[in-house]
Every structure is written in structure tokens, then in C-alpha cells.
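Going from the sequence shown to the numbering used here is simple: count from 1 and add 899. Here the structure is laid out as C-alpha cells; the discussion comes afterwards.
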Amino acid sequence: MSRNRRAARRSGNWTQISALLLVLCAAIGSLVLWLVDPVLMQGLRLAQFDQMQRWHPRPYLPTPVRVVDIDEASLKSYGQWPWPRTRIAELVQRLHAAGASAIAFDVLLAEPDRTSPKAMDELRQSPQTRALLQDLPDHDEVLASTLVGAGVVLGSFFSVGGPVAPPMKASDNGIETRYRVVPVGNVDLAPWLYKVDTAVLPLPMLLATASGWGAINFAPDGDSVVRRVPLLMSFRDQIVPSLCIDALRVSQGERNYVVRSTEAGVKEIRSGKFIVPTNDMAEIWLHHTADQTRRTISAVQVLNGQVGAGQFQGGIVLVGTSVAGLFDSRYTPMGQLIPGVQVHAMALEQMLLGHYLERPYSARDNEALLLLFGVLLVGLVALKARFWVSAVVTATLLFALLGGAWYAFTVEHLLLDAFNPALAVLLSFVLTSGSHHLVTERERRWVRQAFSRYVSPNRVAHLMANPEHLRLSGRRQACSFVFTDVAGFTSLIESRDPSQVVSLLNEYLEGMLEIVFKHEGTLERIMGDAVAVLFSAPVPQADYRQRALDCALEMDSFASAYARRVQSEDVPWGHTRIGVHCGEVIVGNFGGKALFDYRALGDPINTAARLESVNRHLGTRVCVSQAVMDGCQDVPVRVVGRLVLKGKQQALQAYEPLAATDAALCAAPADYANAMGSLQSGDASAALVAFEWMASEHPHDPLVVLHLQRLRDGAVDDQIVMTEK
900 MSRNRRAARR SGNWTQISAL LLVLCAAIGS LVLWLVDPVL MQGLRLAQFD
950 QMQRWHPRPY LPTPVRVVDI DEASLKSYGQ WPWPRTRIAE LVQRLHAAGA
1000 SAIAFDVLLA EPDRTSPKAM DELRQSPQTR ALLQDLPDHD EVLASTLVGA
1050 GVVLGSFFSV GGPVAPPMKA SDNGIETRYR VVPVGNVDLA PWLYKVDTAV
1100 LPLPMLLATA SGWGAINFAP DGDSVVRRVP LLMSFRDQIV PSLCIDALRV
1150 SQGERNYVVR STEAGVKEIR SGKFIVPTND MAEIWLHHTA DQTRRTISAV
1200 QVLNGQVGAG QFQGGIVLVG TSVAGLFDSR YTPMGQLIPG VQVHAMALEQ
1250 MLLGHYLERP YSARDNEALL LLFGVLLVGL VALKARFWVS AVVTATLLFA
1300 LLGGAWYAFT VEHLLLDAFN PALAVLLSFV LTSGSHHLVT ERERRWVRQA
1350 FSRYVSPNRV AHLMANPEHL RLSGRRQACS FVFTDVAGFT SLIESRDPSQ
1400 VVSLLNEYLE GMLEIVFKHE GTLERIMGDA VAVLFSAPVP QADYRQRALD
1450 CALEMDSFAS AYARRVQSED VPWGHTRIGV HCGEVIVGNF GGKALFDYRA
1500 LGDPINTAAR LESVNRHLGT RVCVSQAVMD GCQDVPVRVV GRLVLKGKQQ
1550 ALQAYEPLAA TDAALCAAPA DYANAMGSLQ SGDASAALVA FEWMASEHPH
1600 DPLVVLHLQR LRDGAVDDQI VMTEK
């Protein structure tokens, strides 16, 4: 095996190893990020869950859960909050009479009633007034007596780091005996529950007669959106229920909460006939409804007697407020701000309907496996396959992830995180396909640069974009041609050190080809010091004649400057002759299956070569045909004459661009044009006089000398018959 082949194989192996390491790093990085679960990923996961709820909210179904709203109409009718406890007692009486099995207050009754007679010391201005007030019943006592047997659950507020509440022991008016937590599973529940250390409790006399009490707290996420409700909390050495689940317990006349748990946390809570599946922290996920008005009735309607007996028969009534000024509003995944009591109502509805959103305990593990599999699959495919193949695989996997999560949510009511795995898969695709593209593009660029040293860049670009054109074929195409040759180059080679000549020639050709490629010409071939260039192939160019002439003039300018510089170093470098012509030819790949040779075939090529050669007989450097000039604009030229090239029958009108002449040696363009006009019209005598005068003024003008000699030899027009190539 050759050294180059071994080097190429080692390079290929390292490229493959690097690609595999890239995929592996992407997979490991995604997995580590998944396990760390930063806030950003948590936010994206919750945003996905919220969006699915907005697209597919839980339809409202009638259940025995109603909300009595202390709304603006209620406050307008009965005064601002807080109401006297006697009015709350009246509300409890009416709800109980209407058949409510449980009445839960999502309001705090933690302070004595300020309108109670005992609290109105400032009004006791006389013995008569004092005696009258002492005879009136205390409002808190009235409410406490009303709570007896009414199935009332009072709300309590728990927090962390707030004012310390007295401990709730069995001796405290029997508070602790209202419910009992029965653990199943021989696991300490406290470490898994939402922990609080301070509480705001209802008045002790109210707690003593109420049927239950529960936390009105929620578990909002960092964005303050309520997505879960903790059914049990850990308060110091005691477990306390939430308002909604204690209302469920009281409505059934039950005492126990049977909590099943494992080493992985809480699994479910049973209250009477209802089994509530929870997450490991004893929370349930809320599935919000779009409609919240059908479960709500205004408190003023209840107090005004507009609720008939038995209307709430066997139902659970939640009392709360929707008044914004009372600050009991919560943000929901639906993008709404709703009263907190509605959240408790929805949680109760889900428990009664057995409708739960669950995030399986194995979800995190399965999602991690999907993420790892997706990143590896997409990464490997993107590194090996074409872009469209990897894009299809990625799109299919993304559809499967997101579609599967949507199906799980809408049909199975499962919360599965598809967005973060999908994002990891997409990032893997971008990273690996981008890397693949960079590597491929680097290789293509290397091939293009290497190939461009043998073939014209425009030809390389065309083949890269159209590889199907790399076959033996030909087509007719109108093209223009530029042929160049260095005068006296053969003599130079014979008289100089070959290494010096080669160095000079390489520098010369480099400059000439740079000009060719600048004008987007195609190098047809290099023959020693001669260069053949074509335009409008392989890619058609509408301005192919103008490009050819502009290229020829810039090549002449460079070649003249190069010759002067080299001659100043005592090297007899000759001037460059250039011929420019155009016409229809056949262009394509010729030669055979073993060797492709892209070139043009046709008479216009020979004509361009003859025009280059004829410069040595005319004394010019650049000779351009009429066919080329017809496609150019604003190019100052002077007429050479009608040339009949050797081997041709028809004359060809030729021109010399003024830019390719030495203005100090040549006649004025106007004088020359007038003389040529006389010659072209057949007035040989007038032409002879004009050329003799110009020759006396400009004896080194090659075209003036040429035509003067022709006229002296008997020429009568501008037709020049070439007897040599």
C-alpha cells in the first residue's frame, strides 16, 4: 500500500472516529442535561403541558360540586367583606337546608368578628347600652353553633417562615380527631409531602364545631401558574389535608384517609369509596375546564332565598370569592386568572368523575431513553446519509414524539414530556448534519481547489452542481474565443536556462489565467506559452462577446506590463498576440471513457487562432472580428481591413482596439478613419495621399505602414489576402 493511500485511510478513520465522538458527546450531553433538569427545561416541559390543556381542555360535565361566589353583586347587597359571622351563619343554614352534604369555606375565619357585641367596647357609653350589648348573642358563637352537624369544612392557610401558630394536639378542643391518616406501605409519609411550618387557622371555637378543616394552599410553579393541588401536607409532626379532599371526606361521613405509598413516594389516597391516584408528593394534576360559570351561583341568590330546598341535595358546596380586591385569584395553564375557589372545585370534580391527569412514575426514565435513542439515531443518520434522508428521519421521529405525547394526553390522560426530547433530537440533527455539511463542504472545497488547478473554476462549479453532465456528449452553442501566443518564445527557450524560462512562464500564465477566471471564462487548453479560452460554455452567458473582448484587453494590458518588466531584466520576452472571434460550435466532453477532454469543435475556433497568428503580419497585438464587435458597445477600435485568412474564401472584417495600441506611435483615430474610409470606398488615390501624410507623421504606426505599402503595390481597397497562417 502506498504512503498516500495509507495517509488517506488514516485521515478517513480519524474523520469517522471524530464523527462518532461528536454523536456520543451530543447524546451524553443531552442525557446529563436531562438528569440535571435545569429551570429552562422544566419551563419548556410545563409549557408543553399547558399548551395541550389549551388545545384540549376538560369538557365540563355536571357534577354535585357547586361554587357559591361572594361576588360584586353580593358585596353590593350585603356590604363589604368581612361580613358579620351571623350572615355567614345564615348562608350555612340556607345551604344546609338546600341539601348540601359538605360546605367548604375557601375564606379565612381566623379573627374574631369585629361587629360582634363583645368587640364593640367603644359603643359602651352608658350602663343601659352596656347592658343591652351584653344581652345580645356573640356572632362567633352564633356561627359556631350553626356549624354543628352542617358538614362545614373551614379553610386554613399554611406557609413557610410565617407567624408561628400554636401546635394542634388532641387536647386542643378535639381538633385532631376530625380525621385520621392511615398509611399503607410502612413508609414515612412526611419526607414526601409538601412541607410547611406556619399556619393561619380558624378561630378555635369554630374549629371545635366544624366537621373538618383543610389547607386552601396550592403548589404554584415558578411562573405562579397553578397546575397541581397538594392533597396532603406535612405540618411539623402532623399531616393535614387540603380543603377539597377534606370536603370529599366530610361529604361521605368518613374519618380516615388511607394513604398507599412505596419507597418512591405516595401512590394514592383513599377517602371512602373514592381512590385518588397522586404523584409522589400526594398532589393531583389539574385538568382545567374552559367553562367555569355553570358550576357557580352568586351568594346573594342563596341569601335572598332564590335557592330552593334540595337544590344542592348531596352536593359539595365551596364558598369563595371572585372579587379582585380580595386577592384570591390564580393563574391557570389556560392563560386565565380565576378565583382560587374554582381551582378547588375543579379538583373535586376530577375526584368525583375519576378523571385524572397523571404523570407516570416511570415517565422520566422512559423519556430519558427516548431522548438518548433519538439523539443517537438522528446523529448517526445525519452523519452518514444525505441531508434529505436525515431530515425525513428527524421529522418522522419528531412527529412520533409529539404525536405520541398528544395521543397520551387526549386519550390516556397522561402527561409525557415530548418537547424536551424533541428539542434534543432537533439540536442533534442540526449539530451533526451541520458538522457533516462542514466536513463534506471542506472535502468538496478541497476537491474543487485541487480540480481547479486542472480545470476552469466555472467548469468545476458547473460539474459540482450538475454531476450528470460529466459524461461523453456534445451540444451546439454560440461561444466566443480568445487565443493568445507570446512572440519569439521558441527562441527564448533555446537561448536561456530552461528553469528560468519555466519560472517566467508560470508567473505569466498565472496572471493570464487569473484574468480569464475573473471574467468567468473557461480555459480550453494551454499549449506551452499559448492559451485558448472560450466563453458561454459550459454555462451559457448572454454577454459572451463582451466578456471575451474585455478579457482580451485586460490580458493585453497585463502581458504588455509583464513584458516590459521582464525585458528590463535583460530577458528578451516578446509581446503577446491575441485573436478574438465567435460563432456556433459543438462543446462537450470528447476523448473516450478513459479520458475526458472538455473542448469546443468548429470553424470559429480555427478562425480565432488565425486572428491571433495574423497579428505578426499586421504588426498589431490584438485582432478582433466583426462578429465579436457586433455584440460589444462603446469599444473604441480602428479598422484593420477585410482579411481573407489562409485557406478561406470569404473576407472577415477585423478591428484593432485602440486600448491595445501605443497612442504615442499611432496616428490620430480620426485621421486614420478618414483614410480607411477612402480606401474602403475604392478611392485609392485619396487613400494613398492620406496614408503617405500619416506615415510621415507616424512612421512607426504598423497599420499605417501596412496600408501605405499595399497602396504602393497597387491595392485598390481594404481587402487583405493572407498567404501565411
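We treat Cβ as the ideally placed atom computed from N, Cα and C, and that holds for glycine. Because the structure is a prediction, the values reported are computed rather than measured.
Unbroken beta strand (DSSP E) run spanning residue i, endpoints
| i | result |
| --- | --- |
| Glu1423 | 1421 to 1426 |
| Gly1478 | 1475 to 1489 |
| Trp1184 | 1182 to 1184 |
| Trp982 | Unbroken run through Trp982: none, as it is neither H nor E. |
| Asn1155 | 1155 to 1161 |
Contacts around residue i, its chain only, beta-carbon distance under 6 Å, and the 5 residues preceding and following it disregarded
| i | result |
| --- | --- |
| Thr1195 | Val966, Asp968 |
| Val1047 | Thr1108 |
| Met1575 | Val1538 |
| Gly1111 | Val1052, Arg1077, Asp1145, Val1149 |
| Glu1248 | Thr962, Val964 |
| Val1620 | Val1543 |
Alpha-carbon spacing of residue i relative to residue j, whole angstroms
| i | j | result |
| --- | --- | --- |
| Gly1628 | Cys924 | Absent from the model: residue 1628. The displayed extent of the chain is 900 to 1624, so no value can be given. |
| Ser1133 | Pro981 | 30 Å |
| Lys1172 | Val1199 | 34 Å |
| Pro1320 | Arg1159 | 32 Å |
| Asp1612 | Pro1535 | 30 Å |
| Asp970 | Ala1009 | 21 Å |
| Phe1328 | Ser1435 | 40 Å |
| Pro1601 | Thr1560 | 10 Å |
| Tyr1443 | Val1470 | 36 Å |
| Tyr1255 | Gly928 | 34 Å |
| Arg1135 | Asn1265 | 35 Å |
| Thr1188 | Leu920 | 48 Å |
| Gly1224 | Ala1163 | 42 Å |
| Gly1060 | Leu939 | 27 Å |
| Trp954 | His995 | 38 Å |
| Met1067 | Gly1054 | Low per-residue confidence applies at Met1067: pLDDT is 49, beneath 50, and the placement is therefore not dependable enough to give any value. |
| Ile1425 | Ile1504 | 14 Å |
| Gly1303 | Glu1423 | 60 Å |
| Phe1308 | Val931 | 26 Å |
| Leu1557 | Met1411 | 20 Å |
CB contact flag (residue i, residue j, <8 Å)
| i | j | result |
| --- | --- | --- |
| Leu1052 | Ala1001 | Before going on, a small fix: residue 1052 reads as Val here, not Leu. Yes; because the gap between Cβ atoms is below 8 Å, this pair is in contact. |
| Val1128 | Glu1167 | no |
| Ala1586 | Leu1610 | yes |
| Tyr1156 | Tyr1230 | no |
| Gln1212 | Gly998 | yes |
| Leu1142 | Asp1005 | yes |
| His1243 | Leu1217 | yes |
| Leu1131 | Ile1138 | yes |
| Leu1433 | Phe1380 | yes |
| Leu943 | Leu1322 | yes |
| Val1095 | Ser1058 | yes |
| Cys1481 | Val1430 | no |
| Phe1318 | Gln952 | no |
Extent of the continuous alpha helix (DSSP H) run through residue i
| i | result |
| --- | --- |
| Asn1265 | 1262 to 1283 |
| Gly1239 | 1239 to 1252 |
| Gln1191 | Where Gln1191 is concerned, there is no enclosing alpha helix (DSSP H), given that its DSSP letter is neither H nor E. |
| Glu1468 | Looking at the DSSP string, Glu1468 is not in any alpha helix (DSSP H), and its letter there is neither H nor E. |
| Val1513 | 1502 to 1517 |
| Cys1143 | 1142 to 1151 |
| Pro1601 | 1601 to 1611 |
| Thr1097 | From DSSP, Thr1097 is part of no alpha helix (DSSP H) but of the beta strand (DSSP E) over 1097 to 1099. |
Residues near residue i by beta carbon distance below 8 Å, same chain, minus five either side
| i | result |
| --- | --- |
| Asp1039 | Arg984, Pro1011, Asp1012, Ser1015, Leu1102, Met1104, Leu1105 |
| Val991 | Ile1002, Leu1042, Thr1045, Leu1046, Ala1049, Val1051 |
| Val1222 | Ile969, Asp970, Glu971, Leu974, Trp980 |
| Asp849 | Residue 849 is absent from the model: the chain starts at 900 and stops at 1624. |
Close beta carbons around residue i, own chain, < 7 Å, minus the five adjacent residues each side
| i | result |
| --- | --- |
| Leu1404 | Asp1428 |
| Gly1581 | Val1615, Asp1616 |
| Ser1577 | Ala1585, Ala1586, Ala1589 |
| Ser1197 | Asp968, Asp970, Ala972, Ser973 |
Examine the Cβ distances between the segment 1201 to 1209 and the segment 1266 to 1286 and report whether three or more of them are shorter than 8 Å.
no
Under 8 Å, with one C-beta from each stretch per pair, do the segment 1288 to 1301 and the segment 1268 to 1278 reach the 3-pair mark?
yes
Do the segment 1509 to 1528 and the segment 1541 to 1548 touch if we need at least three Cβ pairs shorter than 8 Å?
Taking 8 Å as the limit for Cβ pairs, the verdict is that the segment 1541 to 1548 does touch the segment 1509 to 1528.
Cβ contact check for the segment 1234 to 1241 and the segment 1252 to 1267: 3 or more pairs under 8 Å
no
Check whether the segment 1388 to 1399 and the segment 1455 to 1463 touch, using three or more Cβ-Cβ pairs below 8 Å as the test.
no
Pair every Cβ in the segment 1471 to 1486 with every Cβ in the segment 1562 to 1570, then say whether three or more of these pairs are closer than 8 Å.
The segment 1471 to 1486 vs the segment 1562 to 1570: no contact.
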